[in-house]
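Residue numbers (this note's numbering): 15 to 450.
Idealized CB from N, CA, C, for every residue including glycine.
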């Protein structure tokens with residue numbers, strides 16, 4: 015028997031049993047340049063390829079406003095249908111977000127499946143979810159997407175559920191009503207499960223917080239090289255592939271910075287332009303690690319066509335998850351592929367560095383800079399520790415960076431950079447504290 019997750023993916027938004035032929039459609043609204051339209055369609059083509067299909071044609075229409083019936087104009091619908099027949103396309107994918115009614119009208123007019131960018135991203139997430147929480151998050155987003163798109167099919171009149179006394183006085187429930195109620199029940203169950211998983215993760219986070227270690231979250235556009243950077247720094251063994259959204263599940267590893275101070279480094283799911291709001295909501299529990307971090311390492315692909323556009327897209331999502339105020343350190347990755355572009359980007363973004371997570375170039379500079387940034391947000395604490403409290407001395411070395419050590423009659427005087435959590439736990443031994 016299929017699990018609910020498998021059932022949710024069973025009616026796949028893109029058929030992966032064969033390489034489907036896809037026609038891409040974009041509507042350019044006022045204020046959107048041709049270059050921006052082309053860049054967005056290029057990214058959508060990459061998304062479609064990642065989902066397991068091939069783009070056979072692209073079509074663009076410039077309009078002052080979307081058509082309320084088909085999003086594109088009636089004449090363009092006829093042209094699109096002719097193109098689909100000419101290239102034998104199975105599916106039409108819109109770069110714009112379609113309303114459920116528009117999607118239904120398009121499918122009826124074209125005689126084939128019509129979906130939008132959101133559906134493609136959901137499909138890719140469905141392929142890449144592996145953990146219990148990841149699968150639940152993807153299924154929740156999928157069901158929220160499908161719920162308003164349920165339509166009364168041809169079989170509706172024959173699918174009424176009758177039974178028992180009084181059935182002749184009422185039509186019973188149609189299949190769409192049964193499906194809607196079933197989906198709502200499943201959504202409620204998934205939301206409960208995710209709250210439970212979030213509570214467990216919160217306990218784990220509090221446990222890590224008691225360690226007193228600073229937390230650093232790696233964020234960035236999908237396929238920017240975040241997992242490769244984590245592997246380079248910590249030998250985490252995280253899956254790295256040259257494909258979009260290869261990583262959905264956060265991974266946390268301990269990292270010792272050049273000064274010896276340890277931090278917790280967490281890889282996160284990649285972002286993308288127009289990341290579906292439903293996905294942001296479903297993955298909010300996972301993404302909140304960025305909002306709770308002490309620092310963000312924002313990894314940017316220096317070889318991308320529009321790095322600044324990707325930076326803006328990431329910052330937009332960070333704003334949605336209440337992480338916009340967390341200090342940010344921009345790292346331009348893939349300097350081995352695009353060295354000139356990386357140098358130019360570093361010049362344009364003061365305080366950033368260029369690295370190659372694949373070759374290790376620039377990693378030493380990155381680590382020294384990160385260590386300096388984190389020192390700024392820690393306090394220098396002076397402690398007096400009795401000579402017989404070796405456990406406390408070990409904790410200071412383990413959780414912070416020891417600046418100086420002197421001996422006194424009563425014990426060891428230690429000046430160290432410590433987080434607020436560590437300083438609070440060692441309050442009995444603190445003599446004074448000051449900003450770093």
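Counting along the chain, residue 159 sits inside the alpha helix (DSSP H) bounded by residues 146-160. Contact annotation: the region 368-382 does not touch the region 419-434, with fewer than three C-beta pairs closer than 8 angstroms. Beta-bridge analysis with DSSP links residue 229 to 278. Per DSSP, residue 101 is one residue of the alpha helix (DSSP H) stretching across 88-101. Boundaries of the alpha helix (DSSP H) harbouring residue 133: 131-142, taken from the DSSP string. Judged by DSSP secondary structure, residue 426 falls outside any alpha helix (DSSP H) and instead within the beta strand (DSSP E) spanning 426-432.
Straight-line spacing of the CA atoms in residue 189 and residue 108 works out to 29 angstroms.
Here residue 229 is near residue 277, since their CB atoms are less than 8 angstroms apart.
In the assembly as shown, residue 414 is a buried residue. Its beta-carbon has 16 or more other beta-carbons within 10 Å.
In this structure, the CA atom of residue 274 is about 16 angstroms from the CA atom of residue 428.
Under the three-state reduction of DSSP, residue 364 is assigned to coil, being neither helix nor strand. Fully enclosed beta strand (DSSP E) runs of no fewer than 3 residues occupy 393-399, 415-421 and 426-432 of the region 378-436, in order along the chain. For residue 347, DSSP records a beta bridge to 315. Of all alpha-carbon atoms in 87, 149, 345 and 111, the one lying nearest the alpha-carbon of residue 296 is that of 149. For residue 207, the secondary structure class from DSSP, reduced to helix, strand or coil, is helix. The C-beta separation of residue 243 from residue 267 comes to about 11 angstroms, leaving the pair out of contact by the 8 angstroms criterion. In the displayed model, residue 305 falls within a helix according to three-state DSSP.
A residue is called buried when at least 16 other Cβ atoms come within 10 angstroms of its Cβ; residue 64 meets this threshold and is buried. Within 10 angstroms of the beta-carbon of residue 401 lie fewer than 16 other beta-carbons, which makes it exposed.
Residue pairing by DSSP places residue 71 opposite 37 in a beta bridge.
Between residue 163 and residue 201 a beta carbon distance of about 14 angstroms is seen, past the 8 angstroms cut, so the two are scored as non-contacting. The beta carbon of residue 128 is closer than 6 angstroms to those of 106, 117, 120 and 121 in its chain, skipping five residues each way along the sequence.
Three or more Cβ pairs drawn from the region 434-446 and the region 387-400 lie within less than 8 angstroms of each other, which places the two stretches in contact. DSSP lists 38 and 129 as the bridge partner or partners of residue 107.
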